[in-house]
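The next block holds one structure in the form of C-alpha cells; read it before the comments.
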Amino acid sequence: VSRRVRRGAFVALCIVSQGAAAHGSVAGLGNFFSGVVHPLFEPAQLIALVALGLLIGQRGLAATQPAGLSFVLGALLGLLAVVLGAAPNVDPFLLAGAGLIGLAVLTALHLPRAVCALIAANVGLGVGLGSAPEAVAGSARIVMLLGSGVGVCVWMFNVVGLVHEAKRPCLRIGVRIVGSWIAASALLVTALALAPPRAATLPQAQADKASEPLVLNVAR
Amino acid sequence: MNRSTRHTLLALALTAFAGIASAHEGNGAVGGFAAGFMHPILGWDHVIAMLAVGLWGAFLGSSAIWVLPVVFPLVMAFGGALGVAGVPIPGVEVGIALSAIVLGAMVATATRPPLWVAAVIVGAFAIFHGHAHGTELPEAANPLAYSLGFVLATGLLHLGGIVFGLVVRWPAGKIAVRVSGAAIATAGVAFLAGAV
C-alpha cells in the first residue's frame, strides 16, 4: 500500500471516527483491551501518569526501580479495592498530584528515591481506584480491570522510557516544559473544582446548572 | 522506536481521539480540547502577545528562550484560577492590549533586561490573559480537556514566536524580528483603542 493511500485512509479514519467512551467497554476492542486503553480516555488519569513518567524518567534509572515497583504495587492495591467494591472519585486527588509533580518536573527537583517511590505508589493507587468500569459486571469486569492494570503500567513506563532516551539538552528542556503545561492545566481545573458556583453572575439557565453540586467533568 | 512505529502510534492516538468532522457547527468554542485549543488562537490580541513572548525569549537568548514561555502558562494558570474563582481583575482587556504594546516594544527596541525582570513583566501580563481564559472555563463541557487545549495552544504560539525569533542570528533576521515587534506593538495600540 502506497504512502499516499495510507495517509488518505488515516485522514478518513480521523474524520469518521467517534471518540472512545471511557469507563465502558470500547466497541470492537473487547474487555481486556478496553481496560488497556482506559487511562488514555480519562484526562485526569492520563496527565497523572504522564507527569509521573516524566518525573521518574527525569530522575534517572536509579529511581526507576523503586518508583516503578511502588507504582505497580499501588495500582494493584487500587484495582483490588475496586474489585472489592470501592469506586471513589479520585480525579481531584490525581489532578492535584499531577500539578505538584508537574512543578517538580519543571524545576527538575532532585527528589530522594524514597520520595519518588512514595509519589509513585500514591499515583498508582489513585489510578487503580479510578479505573472502576461502569455497566460491566462479572468476569468481564475482572478482565477489564486486568487490562486497566496492564494499561496503566504500559503507558506510564512508556513515558519513562521516552524521557530516559531524551539525552539532548533541548529534549531535557522539552520535558520540563511539558511538566509546566501539566502543572498549569492541573492548577486551573483544581481551582474550578474548589470554586463556588457563580449563580449570581450567570443567566437563569446557566444559574440552574451552576447551583448543582460542582463535580469534575472529565470525559465521562 | 523507528519512524514508522512512531507514525503508526501517532495515527492510532489521533484516530482514537477524533470525532466526526462537522463543518458549520453552531456550538462554537464550547467545551473540550478543541474549544480550549482554539480559544487563544482565535483571539488576535492573545496571539500577538504570545508570539511576542516567544520572540522576546529568542531575542534574549540563553535560558530566556524557554524560561519566558514556561513562566507565561504557569502564571496564566494562576490568573485563570482567579477568573474561575470569580475574583475580579479590573481592566483585563486593557491589560491584554498593553501586553502586546509592551512586549512588542521590548522586541522592537531590543531591550535586554535581566532574566528575572523579563519574567516578572511577562508574568504580570500573563495574569490578564489567564483571567480572560479562566472566566470561560466553567462553561466548558470538559474543563480539563479545555485547559489542556488552551495551555498547549499557548505553548505552540510561543514556539512559533521562538522559531521566528531564531533568525536574530543573522543581521537581516534581527531587523525582521524588531520590525515584527514594532508591528505587534502597533497592533496592541489598536486593541487598546478598541478596549478603552
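Each protein sequence line maps, in turn, to chains A and B.
Letter by letter, the first sequence follows residues 1 to 220 in this note's numbering.
Letter by letter, the second sequence follows residues 1001 to 1196 in this note's numbering.
Glycine included, C-beta positions come from ideal geometry on N, C-alpha and C.
request  = Say whether chain B places a C-beta atom closer than 7 Å to the C-beta of residue 191 of chain A.
outcome  = It does: the Cβ of residue 191 of chain A has a partner Cβ on chain B nearer than 7 Å.
query = When DSSP labels each residue in this structure, what does residue 167 of chain A get in the three-state scheme?
reply = Reduced to three states, the DSSP call for residue 167 of chain A is coil.
message = Is residue 1147 of chain B close to chain A? Criterion is C-beta to C-beta, closer than 7 Å.
response = Chain A contact via Cβ: present.
ask   = Which residues in the same chain as residue 1158 of chain B place their Cβ atom closer than 7 Å to its Cβ, once the five residues preceding and following it in sequence are excluded?
value = Cβ neighbours of residue 1158 of chain B beyond the five flanking positions: 1050, 1053, 1054, 1069, 1072.
query = If you draw a straight line from the alpha carbon of residue 36 of chain A to that of residue 152 of chain A, how long is it in whole angstroms?
reply = Near 7 Å, if we compare the C-alpha coordinates of residue 152 of chain A and residue 36 of chain A.
query = Buried or exposed: residue 126 of chain A, going by 16 or more other Cβ atoms within 10 Å of its Cβ?
reply = Residue 126 of chain A is buried by the Cβ-count criterion.
ask   = Does the distance from the CB of residue 175 of chain A to the CB of residue 56 of chain A come in under 7 Å?
value = No, these two residues do not count as a Cβ contact at 7 Å.
inquiry  = Can you list, in chain order, the residues of its chain with a C-beta nearer than 8 Å to that of residue 1150 of chain B? Leave out the 5 residues immediately preceding and following it.
reply    = Excluding residues within five positions, the ones whose Cβ falls inside 8 Å are 1036, 1037, 1039, 1040, 1133.
query = Among the residues of its own chain, which have a CB less than 6 Å from the CB of residue 143 of chain A, if the five just before and after it don't count?
reply = Hits under 6 Å: 31, 32.
task = Could you tell me the boundaries of the alpha helix (DSSP H) in which residue 70 of chain A lies?
result = Element bounds for residue 70 of chain A: 61–83.
key: Short CB-CB distance (under 7 Å) between residue 1179 of chain B and chain A   = No - not a single Cβ of chain A is within 7 Å of the one on residue 1179 of chain B.
query = Could you check where the alpha helix (DSSP H) with residue 1170 of chain B kicks off and where it finishes?
reply = Per DSSP, residue 1170 of chain B is not a residue of any alpha helix (DSSP H), being assigned neither H nor E.
inquiry  = At the level of alpha carbons, what is the spacing between residue 1104 of chain B and residue 41 of chain A?
reply    = CA-to-CA, the gap between residue 1104 of chain B and residue 41 of chain A works out to about 40 Å.
contact_flag[the segment 1060–1067 of chain B, the segment 1114–1127 of chain B] where n(CB pairs < 8 Å) is 3 or more = Inter-segment contact for the segment 1060–1067 of chain B and the segment 1114–1127 of chain B is present: three or more beta-carbon pairs are separated by less than 8 Å.
message = Distance check for residue 1193 of chain B and residue 51 of chain A, CA to CA, integer angstroms please.
response = So the alpha carbons of these two residues sit roughly 42 Å apart.
request  = Show which residues of chain E have a CB atom less than 8 Å away from the CB atom of residue 1076 of chain B.
outcome  = Protein chains A and B are contained in the structure displayed, whereas chain E is not.
inquiry  = Can you look up residue 1124 of chain B in the DSSP assignment and give me helix, strand or coil?
reply    = Residue state, collapsed to three classes: helix.
query = Taking 7 Å as the CB-CB cut-off, is residue 199 of chain A touching chain B?
reply = Model confidence at residue 199 of chain A stands at a pLDDT of 43, short of 50, so the residue's coordinates are unreliable; what they give is reported in the following sentence. No, no contact with chain B.
key: residue 141 of chain A (DSSP reduced to helix, strand or coil)   = Three-state DSSP puts residue 141 of chain A in a helix.
query = Does DSSP classify residue 1178 of chain B as helix, strand or coil?
reply = Note: residue 1178 of chain B maps to helix in three-state DSSP.
query = If we count the other Cβ atoms within 10 Å of its Cβ and call it buried at 16 or more, is residue 95 of chain A buried or exposed?
reply = Counting Cβ neighbours within 10 Å, residue 95 of chain A comes out buried, since at least 16 surround it.
Beta-carbon proximity of residue 83 of chain A to residue 130 of chain A, cut-off 7 Å = No.
request  = In angstroms with no decimal places, state the Cα-to-Cα distance between residue 76 of chain A and residue 1076 of chain B.
outcome  = Approximately 37 Å, taken between the alpha carbons.
ask   = Residue range of the alpha helix (DSSP H) that residue 1075 of chain B falls in?
value = That run of the alpha helix (DSSP H) goes 1064–1084.
request  = Give a yes or no on whether the minimum CB-CB distance between residue 1155 of chain B and chain A is below 7 Å.
outcome  = Residue contact check for residue 1155 of chain B against chain A: a CB pair falls below 7 Å.
key: Neighbour flag for residue 31 of chain A against chain B, beta carbons, 7 Å   = Chain B contact via Cβ: absent.
ask   = Whose CA, out of A:62, A:180, A:186, lies closest to the CA of residue 1146 of chain B?
value = With respect to the C-alpha of residue 1146 of chain B, the residue from A:62, A:180, A:186 having the closest C-alpha is A:186.
message = Taking the straight line between their C-alpha atoms, what separation do you get for residue 80 of chain A and residue 148 of chain A?
response = Spanning the two alpha carbons is a distance of roughly 12 Å.
ask   = To which residues of the same chain is residue 1130 of chain B closer than 8 Å at the C-beta, ignoring the five residues directly before and after it?
value = If we look at residue 1130 of chain B and ignore the five residues flanking it on each side, its Cβ neighbours are 1075, 1076, 1077, 1078, 1079, 1080, 1081, 1082, 1083.
ask   = Which term fits residue 134 of chain A, buried or exposed, when burial requires 16 or more other beta carbons within 10 angstroms of its beta carbon?
value = Around the CB of residue 134 of chain A, fewer than 16 other CB atoms lie within 10 Å, so the residue is classed as exposed.
ask   = Mapping DSSP to helix, strand and coil, what is residue 54 of chain A?
value = Of the three classes helix, strand and coil, the one that applies to residue 54 of chain A here is helix, per DSSP.
task = Determine the burial state of residue 1136 of chain B: buried for a count of at least 16 other Cβ atoms within 10 Å of its Cβ, exposed for fewer.
result = Buried, since its Cβ has 16 or more Cβ neighbours within 10 Å.
query = Going by other Cβ atoms of all chains shown within 10 Å of its Cβ, with 16 needed for buried, is residue 1097 of chain B buried or exposed?
reply = Buried is the call here.
query = Of all the CB atoms in chain A, is at least one closer than 7 Å to the CB of residue 1137 of chain B?
reply = Yes, its Cβ sits closer than 7 Å to a Cβ of chain A.
ask   = If you count every other CB in all the chains shown that lies within 10 Å of the CB of residue 141 of chain A, and 16 or more means buried, which is it?
value = It counts as buried.
ask   = Taking Cβ positions only, does residue 1036 of chain B come closer than 7 Å to chain A?
value = Closer than 7 Å: no.
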